[in-house]
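Chains A and B, in that order, give the protein sequences. Start counting the first sequence at 1151; every next residue gets the next number (this note's numbering). Start counting the second sequence at 928; every next residue gets the next number (this note's numbering). Here's the structure we're looking at; comments come further down.
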Amino acid sequence: MTKVHDRVLVLLCCVGLVTTFFAPFLDQAPNRLASSTPLPLLNAPGFEAGAVILGLGLFMPIALLTSDRVRSLATIGASVLLLWACLAAAGHLAALRAPSGTPAMRLSLGPSFWSLAGIAVLALLDAAQRARLGLGARLGLVGLVVAGFILMARAGTFDSLSLTKEFLAHRAEFATELWRHLALVCAALLLAFVVGVPLVLAILRNDALRGVVLASLGIVQTIPSIALFGLLMVPLSSLASAVPVVKAIGVEGVGPAPAIIALALYSLFPLVRGFTVGLAEVPFAVKDAARGLGFDRRRMLLEIELPLALPALLSGLRVVTIQAIGLAAVAALIGAGGLGTFVFQGIGQYALDLVLLGAIPIVLLALAADLAFQLVIGVVRR
Amino acid sequence: MKPIAFHAVGKSFGATHALCDFSLEIPGGAFCVLIGPSGCGKSTALRMINAMILPDQGRVTVGGEDVARLDPVEHRRHIGYVIQSVGLFPHWTVAQNIAAVPRLLGWSKPKQADRVEEMAGLLGIEPALLERYPHELSGGQQQRAGVARALAADPEIILMDEPFAALDPTSRATLQAELERIHARSGKTIVFVTHDMDEALRLATQMVVMDRGHLVQSGAPIEILRHPANSLVGAFLGGGSIHMRLLDRLAVRERSTPRRTGATGAIAAGASLRQALDLMLATGSTRLAVVDEDGTWRGEIHIGDIIAGGEAGTSDASA
């Protein structure tokens, strides 16, 4: 009697099969404005299409495996196969459909591609969690997936896809905006840290402050991001025109200054809350013993409270960082640059691939930051 | 040895009076046990000695100096502190925990290491455990490390707030015995909070019974057992079993007489009257031979000696 041990896997497989047969894998249009014709996966070369179906189909027998660990490891294998096969199928199908000499021809990734790739990533993340892979194994897995992607990219597999064309057309800008995006995030986190840490220390010394500080920061959190960016433009531009020194260091109503301030404001609430909760969770008995043995405030904080709260502090920082990476996209609206530039350009020009050129790296950055924090927290916990 | 004194100390937390007009003198070298029901103010009194809590009224002095005027951090480094939940630092090894105060005091590394080794020997902590982290230790081992940490900088005064309350009876009894031994050998002043009457009677040279922030009675345990100040102390001492507890505190040698009637069983002169009574019940005999530690005959004890002494007993225990 066979029994299904992983229903999610069966569900993912069914959804994948449905989109494979009923949704376009790529969309083909003679140019940006013309309407597109759908290309199903079955139009792709047989080898790649077969690999996609195989990877997806393997989920079914894998779901029947009894041992948790074996099932997770097998799922990882099938997911990696599915992801690579999707990438290869998309690239090769686009190459078949876009003969050279048709530069305006657009071959965009379609709903079926995104579902299948999404299913592969979802199954992969879930299985990696369940297989309780160590830090090294997790990094190795990420490296493996990325290496496959780079090898295909080097071989020119993706050259005919319109996303690649957008990338190549904006190559120089892409590097600039990527760094700008990272710089915005880092500057905002630094500012939030510089403002937040004294706030945390003040709250720890005076419990009455906690409610007031957290409530005010919480209100900031409810302001829609575009509104906050806009609200900061007015005071900053009047400040810049009133005080020349401020203008001289580059603060203006538009540009990076309001963006960094807004991002820092959004980061303050989770940062301050995470840090105070983390420090408050240090057991009372430990703090009582330390005080009774003659630790002064500074040594108590540095030698007892901070080391014990470190995992919680890093978890707080992780949330803040991921949030800032995403929110920084909006900064492009007030001229601060960053990957959001492509998103808003793309929306303006009705170029979905340009939007993706901004959005995909933002998602990947957030995932990378998440992984990096997981690694650090894992090391600290030991 | 520095004496500790409370001079008409009062302390309130909001509407609750933790201590009211509390005066007490603890002579240097005493083993002072503060006992009373929960909420009686015993922990508050204890925590005033190392300035963890400062009095609203009155003064607490250590060696004649007002604690409120001392630098609290420096003051605490010279007073050992042990709490019920142990409070070992979970991110430090046992050795690092024990060396905490010597490190705060700026001792050299080799001196710290020597002291850790010495403390481990004194409290029977196996050397292999020193490099472990607190969560890898049993409850008894953790509290041994806690006591070692409190003793490491050789303080004259040690404060202990229900240190053995969370331990199993066997570990508790062993640690009590070791603490008794350490106190007898070092002559340190120990102030110890408990709500366990047997523990108090066993350890104390000075017992302080407290209730709702007031000092009810203070004195040697045997005196309090014999003459409870009021019915509350009587009830707290164990109501119906006060006399059994008294037998616990009195040694056989105090009631034995040098007669020889041919008793079959034998008991050591240093054993308690309660142990003698127990042996009589076990053997069905009403008299026992009393022998010294080295086995020399000393006399006999009859059941009548035990019972007769119960009410009229005036001689002190030397147990």
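Beta carbons: idealized from backbone N, C-alpha and C, even for Gly.
Own chain partners of residue i with C-beta closer than 6 Å, once the 5 adjacent residues on each side are dropped
| i | result |
| --- | --- |
| Ala1254/A | Asn1181 |
| Arg986/B | His934, Asp993 |
| Gly1424/A | Gly1466 |
| Ala1352/A | Leu1359 |
| Pro1148/B | Leu1128, Ala1131, Met1134 |
is_contact[residue i, chain B] using C-beta, thresh 7 Å
| i | result |
| --- | --- |
| Val1529/A | no |
| Asp1438/A | yes |
| Leu1443/A | yes |
| Val1526/A | no |
Any chain A beta carbon closer than 7 Å to residue i
| i | result |
| --- | --- |
| Leu883/B | Only positions 928 to 1246 of chain B appear in this structure, which leaves residue 883/B out of reach. |
| Met979/B | yes |
| Val989/B | no |
| Ala1026/B | no |
| Arg1004/B | yes |
Residue j beta carbon less than 7 Å from that of residue i
| i | j | result |
| --- | --- | --- |
| Val1230/A | Leu1349/A | no |
| Val1043/B | Ala1022/B | yes |
| Phe1175/A | Pro1190/A | yes |
| His1154/B | Pro1457/A | no |
| Pro1420/A | Val1469/A | yes |
| Thr1184/B | Gly1226/B | yes |
| Cys959/B | His1141/B | no |
| Leu1094/B | Tyr1008/B | no |
| Ile1006/B | Asn1024/B | no |
| Gly1268/A | Leu1206/A | no |
| Val1028/B | Ala1080/B | yes |
| Gly1488/A | Ala1478/A | yes |
| Ala1338/A | Ala1414/A | yes |
| Lys969/B | Met1137/B | yes |
| Ser1185/A | Gln1178/A | no |
| Leu1483/A | Gln1495/A | no |
| Ala1193/B | Ala1209/B | no |
Beta-carbon proximity list for residue i, same chain, < 7 Å, skipping 5 on both sides
| i | result |
| --- | --- |
| Ala1239/B | In this predicted model, Ala1239/B has a pLDDT of only 43, less than 50, meaning its place in the structure is not dependable enough to derive any value. |
| Val1480/A | Ser1375, Ile1376, Phe1379, Gly1490 |
| Glu1198/A | Ala1235, Ala1238, Ala1239, His1242 |
| Arg1221/A | His1155, Asp1156, Ile1212, Leu1215 |
| Ile1472/A | Ala1516, Ala1519, Asp1520 |
| Thr1213/B | Met1207, His1229, Ile1230 |
| Ala1277/A | Ser1222, Thr1225, Ile1226, Ser1229 |
| Trp1034/B | none |
| Ala1156/B | Val1143, Gln1144 |
| His1062/B | Pro1017 |
Chain-order list of residues whose beta-carbon lies under 8 Å from that of residue i (same chain, five-residue window excluded)
| i | result |
| --- | --- |
| Val1529/A | Leu1285 |
| Leu1517/A | none |
| Val1526/A | Leu1464 |
| Gly1197/B | Ala1178, Val1179, Arg1180, Glu1220, Ala1246 |
| Gln1103/B | Phe1091, Glu1126, Arg1129, Leu1130 |
| Met1124/B | Ile962, Phe1163, Leu1164, Gly1165, Arg1172 |
| Gly956/B | Met928, Gly1114, Lys1115, Thr1116 |
Within chain B, partners of residue i - CB distance below 7 Å
| i | result |
| --- | --- |
| Asp1446/A | Val1000 |
| Ile1410/A | Under the 7 Å cutoff, chain B gives no residues; its nearest Cβ is about 35 Å from Ile1410/A. |
| Ile1454/A | Phe1016 |
Where residue i meets chain A, residues with beta-carbon distance less than 9 Å
| i | result |
| --- | --- |
| Arg1182/B | Result: empty, since nearest Cβ-Cβ is about 44 Å, beyond 9 Å. |
Chain-ordered neighbours of residue i on chain B, where CB pairs are closer than 8 Å
| i | result |
| --- | --- |
| Pro1457/A | His1018 |
Per-residue contacts from residue i into chain A (C-beta, under 8 Å)
| i | result |
| --- | --- |
| Tyr1008/B | Ala1439, Gly1442, Leu1443 |
Under 7 Å by beta carbon: chain A residues contacting residue i
| i | result |
| --- | --- |
| Gly1014/B | Ala1435, Val1436, Asp1438, Ala1439 |
7 Å Cβ cutoff, residue i in contact with chain D
| i | result |
| --- | --- |
| Pro1408/A | No chain D appears in this structure, whose protein chains are A and B. |
* Ordered list of alpha helix (DSSP H) runs contained in the segment 1430-1500 of chain A, each at least 4 residues -> 1434-1443, 1456-1477, 1490-1498
* To do: Please go through the segment 1177-1213 of chain A and give each complete beta strand (DSSP E) segment of 3 or more residues, from N-terminal end onward.
  => 1187-1189
* Asked: Considering only residues of the segment 1140-1173 of chain B, which uninterrupted beta strand (DSSP E) runs meet the minimum length of 3 residues and lie entirely inside it, listed in chain order?
  -> 1141-1146
* To do: Starting from the N-terminal side, write out each stretch of the alpha helix (DSSP H) that is 4 residues or longer and does not extend beyond the segment 1365-1407 of chain A.
  => 1375-1392, 1394-1398
* To do: Kindly provide the ranges of any beta strand (DSSP E) runs that are 3 or more residues long and lie completely inside the segment 983-1041 of chain B, ordered along the chain.
  => 984-989, 1006-1010
* Please specify which runs of the alpha helix (DSSP H), each continuous and at least 4 residues long, are wholly inside the segment 1049-1105 of chain B, giving them in chain order. => 1066-1078
* To do: Jot down the residue ranges of each uninterrupted beta strand (DSSP E) in the segment 1207-1265 of chain A, minimum 3 residues, whole runs only, in chain order.
  => 1256-1259
* Asked: Along the chain, which unbroken stretches of the alpha helix (DSSP H) at least 4 residues long are found entirely within the segment 941-982 of chain B?
  -> 969-976
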